[in-house]
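Visitor: For the sequence shown, the numbering used here begins at 50 and goes up steadily by one. For each residue, glycine too, the CB sits at the ideal point set by N, CA and C.
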Amino acid sequence: MGSATIFFWLQLANVSKSYRTALIIAGIVTCITTYRNFGYYNSWVEAFKVVTNDGGDYTVTLTGIPFLYEYRDRGDWMLTLPLLLIELILVMKLPHEETVSLCWKLGMASVLMVALGHFLEIQDDLPVLWIWWFLAMIPFCYVVRTLVVGLNEATSKQPTPAAASLVSAARYVTVVSWLAYPFVGLAWQAMRGGLAGPAVLMYEQIGYSLVDVWAKAFFGVLIWAIASEKSAVEESGRLLPH
């Protein structure tokens, strides 16, 4: 994640001014997640003690210090999920009014989804858990529908087939990653009853980390590729669609 931040910001000089904000945001997203991951590591070391036994076996014991991850997750997602959507809209270079409208609508929907998802993860009562899950899925479905259907026309108006193909890829990378988040959360809830605390947390963090790499670092590379392609079009003197 940290390497992705450095890469995105080093590429600012290689793209047109129109797309630099999108690349700056891509770097901010991976920077936020890098900071969160360092916090995870420090908290994990404080919360769990690993004792190696003879023969290579080991045991994990609790130190009594809580592993602080829920608020770090929510804080990260509250910031990064709206920014991910905003950087996609910005790099598409839509008309100003449409850009502002989509950024506000998608940004607010993603924040609402994360806020509702917080209540899902703190529930032990299964019926109540499902209520919060379905509530969180309402803004989630709005965002996914906008990405899959609402941006079709704007994608077709990109200046080159390569740019249109990259924008489509970025849209669907976002959709796939967003589909993973709620199901990782549900899997975590399902495992809580059958696994010990450290094991549940380990599998949850592995799942979220893999999704983060796909949704933030790889997605950011696509944003950079779109910006580079469209910058080349502008430099060649061809007119962009309006």
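Under DSSP, the beta strand (DSSP E) around phenylalanine 97 begins and ends at which residues?
Guide: Here the beta strand (DSSP E) through phenylalanine 97 covers 97-101.
Visitor: Indicate the three-state DSSP secondary structure (helix, strand or coil) for valine 64 in the structure shown.
Guide: Of the three classes helix, strand and coil, the one that applies to valine 64 here is coil, per DSSP.
Visitor: From the DSSP secondary-structure annotation, give me the bridge partner or partners of leucine 111.
Guide: DSSP lists Phe97 as partners of leucine 111.
Visitor: Shortest alpha-carbon distance to leucine 228 belongs to which of Thr83, Ile187 and Ala53?
Guide: Residue Ile187 is the option with its Cα nearest to leucine 228.
Visitor: Starting from the C-beta of valine 282, find all residues in its chain whose C-beta is less than 8 Å away, skip the five residues before and the five after it, and write them out in chain order.
Guide: Taken in chain order, the residues that qualify are Pro208, Thr209, Ala212 and Leu289.
Visitor: Which of helix, strand or coil does DSSP assign to leucine 143?
Guide: Leucine 143: coil per DSSP, three-state reduction.
Visitor: With DSSP collapsed to three states, give me the class of lysine 279.
Guide: Note: lysine 279 maps to helix in three-state DSSP.
Visitor: Between the C-alpha atoms of arginine 69 and isoleucine 114, what's the straight-line distance to the nearest angstrom?
Guide: Taking the straight line from one Cα to the other gives about 42 Å.
Visitor: DSSP on histidine 291, reduced to helix/strand/coil?
Guide: In this predicted model, histidine 291 has a pLDDT of only 49, less than 50, meaning its place in the structure is not dependable; the value taken from the coordinates is given anyway. Looking at histidine 291 - three-state DSSP - the assignment turns out to be coil, as it is neither helix nor strand.
Visitor: Taking 8 Å as the line, does the beta carbon of leucine 151 fall inside it for any heavy atom of the ligand SAH?
Guide: This structure lacks the ligand SAH, and indeed carries no ligand of any kind.
Visitor: With distance defined between alpha-carbon atoms, name the residue in Arg123, Asp106 and Val100 nearest to threonine 112.
Guide: Nearest of Arg123, Asp106 and Val100 to threonine 112, Cα basis: Val100.
Visitor: Note down, in chain order, each residue of its chain lying with its Cβ closer than 7 Å to the Cβ of aspartate 125, except the 5 sequence neighbours on either side.
Guide: Here the set comprises Ile81, Thr82 and Arg85.
Visitor: For leucine 175, report the span of its alpha helix (DSSP H) as first-last.
Guide: Here the alpha helix (DSSP H) through leucine 175 covers 175-194.
Visitor: I want to know whether the stretch 259-272 touches the stretch 199-208 - three or more CB-CB distances under 8 Å.
Guide: Cβ pair count under 8 Å is below three, so no.
Visitor: Restricting to Cα atoms, I'd like to know which of Met141, Gly286, Glu284 and Ser280 is closest to valine 64.
Guide: The shortest C-alpha separation from valine 64 is found at Ser280.
Visitor: Take glycine 51 as the anchor and find which of Ile275, Phe87, Leu130 and Ala274 has the nearest alpha-carbon.
Guide: Per the Cα distances, Phe87.
Visitor: Could you tell me whether the Cβ atoms of arginine 123 and valine 149 are closer together than 9 Å?
Guide: Taking 9 Å as the Cβ cut-off, arginine 123 and valine 149 do not qualify as a contacting pair.
Visitor: Given this structure, state the Cα-to-Cα distance separating glutamine 60 from alanine 276, to the nearest angstrom.
Guide: Cα to Cα, glutamine 60 sits roughly 10 Å from alanine 276.
Visitor: In the DSSP assignment, the alpha helix (DSSP H) including tryptophan 58 goes from what residue to what residue?
Guide: Looking at the DSSP string, the run of the alpha helix (DSSP H) that includes tryptophan 58 is 51-59.
Visitor: Please say whether threonine 195 and proline 154 have beta carbons closer to each other than 9 Å?
Guide: Contrary to the premise, residue 154 reads as lysine rather than proline in this sequence. Yes. Within cutoff.
Visitor: So, alanine 53 versus alanine 266, is the Cβ gap smaller than 9 Å?
Guide: For alanine 53 and alanine 266, yes; Cβs fall inside 9 Å.
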